[in-house]
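In the working numbering, the protein residues as written are 85 to 342.
Here a beta-carbon is modelled for each residue, glycine too, at the ideal position from N, C-alpha and C.
Some notes on the structure that comes next.
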Amino acid sequence: MAYKKLKYWFDEELAILLSNKIKRIDPDFDSTQFVESISPQLEGLELKDRVELIADVMFSRFEGNYETGVNKLLKILGPENPKETGMFKEYYWIMPIAKFVEKYGLQHFNLSMDALEAITKRNTGEYAIRPFLETDTKRTLSKMKSWSRHPNKHVRRLSSEGLRPRLPWARKLDIFIKDPRPIIPILENLKDDASRYVQKSVANCLNDIIKDNPIIGKATIESWNVHNIGDERKWIIKHALRNLLKQQDPWAFLVIQK
């Protein structure tokens, strides 16, 4: 694929791609109307708005029936991503499906959680999970805790990345900026994860926590930084402290010297 800004990937060509995929599993799907409902509205829209437009038109073409729509969309996802890269370069076309779940699936918790688990094995559910955390915090945290023990590294990563209080490109999770303690048990499950992909997410989540709640963040790191810890946890701790280390923070230097 020739280089173009990410927002321009969500164009008429993508609408055609999605319509063809849906048409294969739903012969009655009006692919022409789908594309014609998207193309004229794309001009002037930025990335998020383009993704949302496509999700909105999908919902409309499924006659406002979320359950029918999401079950059909899950059938077009294709093979899982076996790598720790490529979620945007190769699976970018799934982003409107994640937005579909995010925007229209809040009243269908179990179905939406299953959908996000499937989506994140190819693209990511880290943005789509956030409204569920805000509106159904307890159940979503419970689900994410179970994901933290999942055999698939993409799903384990979602359990921490989706919880980041200050995830880039996403609305801040004020509930966890105010009190990040509900996040900690999930990070505990991941502190020795073998995947660098997951380790980076855990470290970034801890880094977010330290920015707003340094006492809780530092206490968590202190509890992890015991004798004879593995290289995985050492890497997470050092990466989580990168901003403090740049600031020449004495405590951070003491931690990594243990």
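Taking the Cα of I268 as reference, the smallest distance to any Cα among A278, G170, I293, Y281 is reached at I293. Burial check for F337: the Cβ neighbour count within 10 Å stays below 16, so the residue is exposed. Classified as exposed, K222 has fewer than 16 neighbouring CB atoms from the shown chains inside 10 Å of its CB.
By the criterion of a C-beta distance shorter than 7 Å, R214 is surrounded in its chain by G246, A254, R255, L257, once the five residues flanking it on both sides are discounted. Residue state for E164 is assigned as coil, using DSSP reduced to three classes.
Non-local beta-carbon contacts of I261 in its own chain, meaning distances under 6 Å to residues more than five positions away in sequence, involve P249, D296 in chain order. Leaving aside the five residues that flank L325 on each side, the residues in its chain whose CB is nearer than 6 Å to its CB run, in chain order, A336.
Selection L225, A139, D276 evaluated against I305 yields D276 as nearest (Cα-Cα). Pairing Y211 with D114, the inter-Cα distance amounts to about 29 Å. DSSP places M197 in the uninterrupted alpha helix (DSSP H) bounded by 193-204. Around the beta carbon of Q191, fewer than 16 other beta carbons sit within 10 angstroms, so the residue counts as exposed. Judged by DSSP in its simplified three-state form, A278 adopts coil rather than helix or strand. The beta carbon of K205 sits closer than 7 Å to those of E164, N165, N236, H238, V239, all from its chain and outside the five residues before and after it, given in chain order. Excluding sequence positions up to five before and after F118, its CB lies within less than 8 Å of the CB of A99, L102, S103, I106, V141, M142, R145, all in the same chain and listed in chain order.
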